[in-house]
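A quick write-up on the structure given underneath.
Numbering (this note's numbering), first residue to last: 391 to 557.
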């Protein structure tokens, strides 16, 4: 038996979600009909480790939370039993939902919104395939180190050659 929320509880939920939305870059909504509780628990645990706010919400409360924000266009897709994935990281929300949907066909990505731009299912999948911020930063650092490392190897080879000539 599901008890409905009283007005104060509803206001608290909208305030909590609005605070998350205010700092978010990405919101992804997915239909979760038919997913077992154990699988949802696993999804929530994965979301927590990625820093993603994941919650099942009443759609009317979610619409109120995004009202007047860059994510307001997402309200038209808020129908049916939905789970909301909200993240400050640009790709984390999409990645968590998309990765879980790959192994569980009952989680169906409906739509998303990245920095005020509406995304369909394909757009969410494309966003999820972008490497995370940490990976991109590591790649940039690696590219910056390549010329220096090559120079150092060249100097080492030159020093070794001079030692061999001297000996």
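Where a beta carbon is used, it is the ideal one built from N, C-alpha and C, also for glycine.
Because the structure is a prediction, the values reported are computed rather than measured.
Sub-8 Å separation of residue i and residue j beta-carbons
{"i": "residue 444", "j": "residue 437", "result": "yes"}
{"i": "residue 523", "j": "residue 479", "result": "yes"}
{"i": "residue 442", "j": "residue 473", "result": "no"}
{"i": "residue 440", "j": "residue 482", "result": "yes"}
Spatially closest choice to residue i from the options, by CA coordinates
{"i": "residue 558", "options": "527, 471, 442", "result": "Examination of residue 558 is not possible in this model, given that the chain is present from 391 through 557 alone."}
{"i": "residue 467", "options": "501, 425, 452", "result": "501"}
{"i": "residue 397", "options": "451, 458, 422, 409", "result": "451"}
{"i": "residue 409", "options": "459, 556, 520, 449", "result": "459"}
{"i": "residue 424", "options": "549, 469, 497, 543", "result": "497"}
{"i": "residue 432", "options": "453, 494, 549, 399", "result": "494"}
Through-space distance from residue j to residue i, alpha-carbon basis
{"i": "residue 545", "j": "residue 551", "result": "10 Å"}
{"i": "residue 554", "j": "residue 547", "result": "10 Å"}
{"i": "residue 395", "j": "residue 528", "result": "46 Å"}
{"i": "residue 392", "j": "residue 426", "result": "With a pLDDT of 49 at residue 392, under the threshold of 50, the modelled position of this residue cannot be trusted; read the value that follows with caution. The straight-line gap from Cα to Cα measures roughly 17 Å."}
{"i": "residue 540", "j": "residue 532", "result": "12 Å"}
{"i": "residue 525", "j": "residue 465", "result": "32 Å"}
{"i": "residue 429", "j": "residue 499", "result": "16 Å"}
{"i": "residue 509", "j": "residue 538", "result": "41 Å"}
{"i": "residue 463", "j": "residue 543", "result": "54 Å"}
{"i": "residue 422", "j": "residue 453", "result": "18 Å"}
{"i": "residue 399", "j": "residue 457", "result": "18 Å"}
{"i": "residue 530", "j": "residue 549", "result": "30 Å"}
Chain-order list of residues whose beta-carbon lies under 8 Å from that of residue i (same chain, five-residue window excluded)
{"i": "residue 461", "result": "411, 414, 417, 503, 506"}
Contact set for residue i: own chain, Cβ-Cβ below 6 Å, skip 5 residues either direction
{"i": "residue 407", "result": "455"}
{"i": "residue 520", "result": "481"}
{"i": "residue 449", "result": "468"}
{"i": "residue 557", "result": "none"}
Contacts around residue i, its chain only, beta-carbon distance under 7 Å, and the 5 residues preceding and following it disregarded
{"i": "residue 484", "result": "416, 418, 502, 514, 517, 518"}
How do the stretch 479-490 and the stretch 509-516 stand: do at least 3 beta-carbon pairs fall below 8 Å, yes or no?
The stretch 479-490 vs the stretch 509-516: in contact.
Three or more C-beta pairs under 8 Å: does that hold for the stretch 490-500 against the stretch 394-403?
no
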